[in-house]
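Residue numbers (our numbering), protein chains in the order written: chain A, 1 to 338; chain B, 1001 to 1440; chain C, 2001 to 2207; chain D, 3001 to 3299; chain E, 4001 to 4313. Even glycine gets a Cβ: it sits at the ideal position worked out from N, Cα and C. On a predicted model such as this, the values are computed, not experimentally measured, just so you know.
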Amino acid sequence: MAGLLNVSVSPHVRSSESVEKIMWTVVACLVPPLLLSVFVFGIQVLLIAGVSVISCMAVEAISQKALGRPVTVKDGSAALTGMLMAFVIPPGVSFLLPILGAVMAIYIGKHLLGGIGYNIFNPALLGRAFLLATFPVAMTTAWLVPLTDGAIFSYFNSGVDAVTTATPLAVMKEQGMDAFRQQFGAPSEIYASFFLGWRPGCIGETSGLLIVLGGLYLMWRRYITWHIPVSLLGTIGLLTWVFGGETLFTGDPLLAILTGGALLGAFYMATDYVTSPSSKTGQMVYGAGIGALTVLIRLKGGYPEGICYAILLMNPLSTVLDNWFKPKRFAPPIGGEK
Amino acid sequence: MAPTLTFPKGGVHPPESKKLTENLAVEVMPLPAELEIILGQHIGAPCAATVAKRAEVSEGDLIGEVSKGLGVPLHAPASGKVKAVGNSGHPVRVSAPSVTITVDQEAPDKQYQPRDWQNDTSQELLKRVHDAGIIGIGGAGFPTHVKLKPPSDNPVDTLLLNGAECEPYITADHRAMLEMAPEIVEGAKILLKILGITNCVIGIENNKPDAIKMMTDAANGTAGDGFSITVQPLEVKYPQGSEKQLIQAITGRKVPAMALPSAVGVVVHNVSTTKAVYDAVVLEKPLVEKVVTISGKGINRPANLLVKVGTKLIDIVEFCGGVKPDLSRVVMGGPMMGFAVSDLNIPISKTTSSVLFLTDEEIDANPLSACIRCGWCLDACPMGLEPKEIGVFVEGNRAEDTEQFGVFECFECGSCAYVCPAKRPLVQFVRLAKMKAKRS
Amino acid sequence: MANEYSSFQLLANGILKENPIFKLALSMCPAVGISTTVSNGVMLGIAVLFVQVFSSVTISALKNFIHPRIRIPTYTLTIATWVTVIDLSLAAFFPGAYAKMGIFVKIIVAFAIITMRLEMFACKEDVSDSFWDGLGMGLGFMVGMVVIGFVRELLGSGAVFGYDVLGFKPLLFFILPSAGFFVVGLMMAFFNWIEAVYAARKREVKQ
Amino acid sequence: MSNILTIIFRLTLSCLIAGTVMGTTFVFTNKAKKANEHAREEKVVYSLLGYSAENPIPESMGLYEVFRYVITDAGQSSIGYLVPAGAGDHSEGFTFVRIDLEGKYMDSNPVTISHEKVREQKDRDVAIAAAIGGGKDIRFADHTIIVTDSGSRLAYLLSGKFPGFKTSIHIMMALDPTYSVLGLEIMEHEEDPGLGAEIEQDYFKNQFKHKPFETIKSIEVAKAPLPPEYFDAMEGKVDEEAAIEVMKQYRDQDIYALTGATISSAAVSNGVRSMTKKFAYRLDILDRVIKEQQLQVPF
Amino acid sequence: MRVIQSFILLITAACVLLSTGAAFGAGPVSSTAFGDENEIILKFSTPVDPQAAAAPEVYTVFEEADPDIRLAITGVEVASDGTQATLVFADSLNTTQKHIVTTSGIGGVASASFSVAKSYLGYLISILISALLINNFVFTKYLGLCVFFGTAKRKETAKGMGVVFTIVIVVACSMSWVLYQFVMKPFDLNYLQIVIFIGLTSLTVQAVDTILRKVNPVLFKSFGVYLVLVIANCIIIAVPLLMASNEYNYFETFMLSLGAGGGFLLALYLMSSVSERLELANIPPSFKGLPIAFIVAGQFAMAFLGFSGLQLF
């Protein structure tokens, strides 16, 4: 009997949550919007997502092998990165793009910096930023037109290049509100169809409803908390309302939240554990910062959608925010802090 | 019933697993053939043995004493013959000096008669507590008489009795409260007299409604003799039983970092310690036995046992019908803060409140991975520390720089490690960090 | 101490052992900023070479004249003078290439590498050694710029020396300024790796 | 003390030497710089007109620069043109013609300045100020080159700056006497590589080629894919005659915007439109005034 | 944290100092502004007759640089209470240019001219923001890298360096501006730019060094070491050169230098907080040190692409 017992440090019971479980749950939450996008845009979407996920996992495995680290592809973090990257690139791009993006996101963005937990920027968004810089035309134009019937098979019939269109935010930015209304309908119709997902854009920009549902599920599972999404969307709404209209206080906050990647960013991108602050106050500031930068880039910047860059810009600040908003200690020692 | 209270920050709620033993009455375990009494059972200087090899001892005889410094004497748990003054297994230090007694199974049970303590002065009472070798048997092992002499510049106004028993599995205090409520209340009165105060609150987590009821009834019985003893139900949350958290939950006062509860006018004692105080003062019985919860899915017959200090685990296992084949880990103490032992030749000490026989199903043996900075440990830490940073710094060979994260305020409750999805051994990191930070 | 170094040693030192870009990691700004083409690299390399050589020679020649208390101001003045000379000359005779380099020619004046060589070498050694050292450092810089420029030009615009060799543009990213950081970082790591492998092999051979 | 004096003396000497070196270089390079800059501009001009090293510009051609000024005199603005004086193919001296904001002739004064110095803004300003009398604020606006061949007008070359997507875009373009576009060259810009920077490409800038003034006046950009045949024609992938034929087909259409860079494309076409319109308006007035006043000009 | 607070305070103070709005003299129009891309909005000081104000003929509008080209007005929308008129033009306006609006017979004034321009304060702030973020000298202009990588390892060092650098650059640029405007330009000494600007910088560094040593030895102890490094930073010479080539006036120069210094501080601060985290990471051996710093800086540069094309005012 002696010596057979297994010794380890306390605590001897652990909660049933694990990194693997969290990552794969988040991936699972992204599946419904993906399936809806397949229905809206066609099978091409599924292929792009598949290539993205597989290449991210492959790059993860290869880089871990090459760097002599334990291979942890199974923990799902690479799969999640792949999934998210597919959600933020136009569905009509060539398959080469997600593969290149995976190299940037996983190898350069993550493993060179020390692997999971040490990346400074959100890998998926880093991949997207890289692709946007490298293939500016494809990344800003390869939007598919949402199809109403038999979409799944249309890819095989028509090919991809034939059907491209502009995203709602791009129309809004480049052609103004009037053109936007003309193309996408009156506000009352827009809200509903945008919320459901009938609009051009990347996968992550389509169905607000499914994204929100997934996000709420993650909140219910306590994988994410309300702090980042609420402060982020609240700031976007507030600032758009104040500055987004022709005069002050006439912007359309609801439209700002529903269009573009605001919802995906708020629930899935900004809440990425590694690159967001841990303290709750820090998270609120972080979310508000992303929201403000998003509105800044949308209204004044060079891109129609700003949330991706806004998150990237706030990522390095998360360490700073954690330093500024340390958790409150139980009680200071007598005589105060040293 | 009074509203339930709890501490505001941090804490976790692991599965309670108390069903296994909470309805089992305390059983008296028969004397084993041999007892090994470790000489250093309390915080402070270990005892020096006062008996030599082959000396005859009877139950309650002094076998060890502290000549100088913090400490309490040690007594023979049973009559018999000193087999050796040497070393025996220890859950933390692997081996430690001890006195081994071959039990004389024929010796008659020692009888204790209650006496009236009301006329004793508090000085006399305090001496009895010391002489009986009483220490905090909830787990800390801090000599009780020291706690009862708070520094004069911090007047104490409240005595808290800790009946929270927040660790999963353990039901020793629960059973003690059910079966010995009047004795505990009597013990509380003794403590109040020693402290020279009248106010006492007994904190009990409300997963033990029967204990709350028993204790309330017992406390109500004391109304009218000048003491105010009440029962305070507490929300079920770990680590409610930690002194600082308990004090905050019940009184709302915050004990400053690196300070004792007396700094905020409170003294905390475990309910079982209080029972031991009763035994020492009323029955003049030294602390030689205690209630230990034997639980976990790896033991055939879980039980709440009254065992002699020095009983070896192997004897307990035998008494409880042996272990199951899928046993994976034996833990002395609670699953959150206890120590896993490598073999069963380790004796029960005064501070052992439970021995758990855990199977793979109960423990989580997932390998650790890198910190993903989810921040769950920040939410779980009742002390408002940053365990993830401590872990990352220790891994990055910068353990000596962890004082900025308050590593010395950590009392290693294990809440952070419990919630960690990356299964990181945060408590171990903290211990390492403390060692290195102290050195630098 | 004239014969302490051979001119070849001094040259090789600048190009390989103490390459200002990959080894000393000094003067990184142009290596990141305008190393998008080989010709930019050559152009700026020439400018740096010119300034380094002339400053080294000047300081070396005047080393007994320079009062030690005003050493640094004199260096700055010397460098600034030669930078002005090359700046004006390039602007006059190569307006096209000069326009591409923006203010990078002018900021050669703040390059740590040049001052460092003056302080560490030229103010102690004689003129010909200083000349070779300056030449080595300048060439080292030029080589570094050309290597980075080659990679970025080839991958970014599919060309070498402005001549389209691939016929397509593989990765536009590489001509973007931010790619300069990545290329320099990856190349430094590559050189470190080579060095480590080389050192390991040497150790093996010894054993 | 003597130490300080030595330091001061040596520092001063160093500064003097350095100053001499730099001054010499400056004097030496300044001329070359100006000449090279002019040569560069000329090269663009020739290439816009369709001439190059292999196909040199004929002797019979003359290039005449017209400098436009805005004159403010006691709160009243007027436009002044510094035009070469003389008749036929050769010119002597310059005339400064002032026209008020309504397009009415005000006055004209001969300006004495040499052909070399006229390119130097400082010298030119001084000469003009001397010619029209002091107390007026003169501000150089732009200059245009009028190209003639054997006395008849062949083309106008104008340069201009307008805001692009990021910073301003500087272009030069050639118009024929009917103000149709002969060619367009992007001189400086800081648009995004791969996107707006594509305005440099032949397939974009050659779209303006051969567009008549009527089209240019209201030109816009269209967000549609560029037809492949048109692309080939502009990139010079087909022989010249075929290219001209294809380009003719598209001459009355809007400019096809660059994919993903609508703003840069629109910036260029707006810039070209407004430059052309302004130029046409002004030149018509100047020509009318020259005709009415019977001024002697070589173009 | 306090460094950043004081920096923000400084900027706010600068903005308040400079916020002297365009003053309008007597006349019917109290304020003007650009509306949509083809609109100019006029606000009248006293309500005018909406009928009269709605006629396009009563307005003439031209760009200040092109007084002979009248811009075609297609319509005028007048608010019903007669306090505001919106002029709609056929083509979109070049809002970088100052426009002159002349009204005739509006509000009882025979003829009055007003200028329409983007707010100057906005322009100044956009210079600041541009140097700070959009064209951050480190991440988008790739200057000052040697010092940047040298001092971005510790947060304390980063803050010290950034602050010292900001102070030196503001002082040195102000002096450079004076010298440039009043000596170099009038006497045609532009070719001495490099020598003079680097000389002024050295002088500033020397002066700050001496003053600090006398006035606050404690501060000197913590910041003195960075002073030497300031001069090896190419930004210090790049900013005066930019100032000269853009012909900035003093306020603009001040904003540019403040933005450049602040941008350097920001970049250092961000990089240092990241470096501290990287120190604990398991980085491949050949990437340790500078290579990984470059790669992280590259990632920063990619993130800063998000600011590209930003136009605040």
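E:Ala4131: contacting residues in chain D (beta-carbon distance under 7 Å): The contacting residues do not exist; E:Ala4131 stays about 14 Å from chain D at best.
Any contact between the region 297-308 of chain A and the region 168-187 of chain A? By contact I mean 3 or more CB pairs, one from each, below 8 Å. yes
Straight-line CA distance for B:Glu951 to B:Leu1306? Any property of residue 951 of chain B remains undetermined from this structure, which presents chain B solely from 1001 to 1440.
Please classify B:Pro1474: is it buried, with 16 or more other beta-carbons within 10 angstroms of its beta-carbon, or exposed? The shown model of chain B, from 1001 to 1440, leaves out residue 1474 of chain B, and the question about it has no answer.
Residues near E:Phe4165 in its chain [Cβ-Cβ closer than 6 Å; skip 5 each side]: Val4230, Gly4261 and Phe4264
Other residues of its chain near B:Val1012: CB distance less than 7 Å, five sequence neighbours each side excluded: Tyr1238, Ala1380, Ser1415, Tyr1418 and Val1419
Check each residue of the region 4266-4290 of chain E: if its Cβ is closer than 9 Å to any Cβ of chain B, include it; give the result in chain order. Arg4277, Glu4279, Leu4280, Ala4281 and Asn4282
Where E:Ser4113 sits in the DSSP three-state scheme: strand
What are the boundary residues of the beta strand (DSSP E) that includes B:Lys1308? Ala1303 to Lys1308
Cutoff 7 Å; reference A:Phe355; Cβ partners in own chain excluding five residues on either side: Here chain A has residues from 1 to 338 only, and residue 355 of chain A is not among them.
Name, please, each residue of chain A whose Cβ falls closer than 7 Å to the Cβ of C:Leu2176. Ala133
My output table needs one value for C:Val2221: the three-state DSSP class, helix, strand or coil. Chain C is shown from 2001 up to 2207; residue 2221 of chain C falls before or after that span and cannot be answered.
A:Pro98 and A:Gly127: beta carbons closer than 9 Å? yes
Same chain, Cβ closer than 7 Å to E:Gly4144, five either side skipped, listed in chain order: Phe4137, Val4138, Asn4233, Cys4234, Ile4235 and Phe4264
What are the uninterrupted segments assigned as alpha helix (DSSP H) that are 4 or more residues long and contained completely in the region 2111-2139 of chain C, given in chain order? 2112-2117
Tell me which residues share the same chain as E:Ile4198 and place their Cβ nearer than 7 Å to its Cβ, disregarding the 5 neighbours each side in the sequence. Ile4237
With three or more C-beta pairs closer than 8 Å as the rule, is the region 2014-2031 of chain C touching the region 2122-2138 of chain C? yes
Terminal residues of the continuous alpha helix (DSSP H) containing D:Tyr3281? Thr3262 to Gln3293
DSSP on B:Arg1175, reduced to helix/strand/coil? helix
Grouping DSSP H, G and I as helix and E and B as strand, with all else coil, what is D:Leu3011? helix
Can you list the residues of chain D that A:Glu174 reaches, using a CB-CB cut of under 8 Å? Thr3262 and Ile3263
Note down, in chain order, all residues in the region 3075-3101 of chain D with a beta-carbon under 7 Å from any beta-carbon belonging to chain E. Ser3077, Ile3079 and Leu3101
For my contact list, E:Ser4202 and C:Thr2076 are in at a C-beta cut-off of 8 Å; report their separation, rounded to the angstrom. 6 Å
In whole angstroms, what separates the C-alpha of B:Val1323 from that of B:Thr1311? 17 Å
Near B:Ala1370, which residues of its chain fall below 7 Å by C-beta distance, leaving aside the five closest residues on each side in sequence? Ala1422
Chain B beta carbons: is any one of them nearer than 9 Å to that of A:Gly150? Residue placement at A:Gly150 cannot be trusted, given a pLDDT of 47 that sits under 50; what the coordinates show is reported in the next sentence. It does not; no Cβ of chain B falls within 9 Å.
Might you give, ordered along the chain, the residues of its own chain that have their beta carbon closer than 7 Å to the beta carbon of B:Ser1262, omitting 5 neighbours on each side? Pro1150, Pro1151, Asn1154 and Val1156
Out of A:Phe95, A:Met23, A:Pro277 and A:Gly204, state which residue places its alpha-carbon closest to the alpha-carbon of A:Lys74. A:Met23
Just verifying my parser: in three-state terms, what is the DSSP assignment at B:His1145? helix
What is the DSSP secondary structure of B:Met1332, counted as helix, strand or coil? strand
Excluding the 5 residues flanking D:Val3044 on each side, which residues of the same chain have their C-beta closer than 6 Å to its C-beta? Met3172 and Glu3185
Give the interface partners of A:Gly302 over in chain E, defined as CB-CB distance under 7 Å, in chain order. Ser4308, Gly4309 and Leu4310
Using beta carbons (cut-off 9 Å, strictly below), is D:Ala3243 in contact with chain E? no
Residue environment, B:Glu1289, which counts as buried when at least 16 other CB atoms sit within 10 Å: buried
Given a threshold of 16 other Cβ atoms within 10 Å of its Cβ, counted over all protein chains shown, does B:His1269 qualify as buried or as exposed? buried
Using the C-alpha atoms, what's the distance from D:Glu3120 back to C:Val2127? 44 Å
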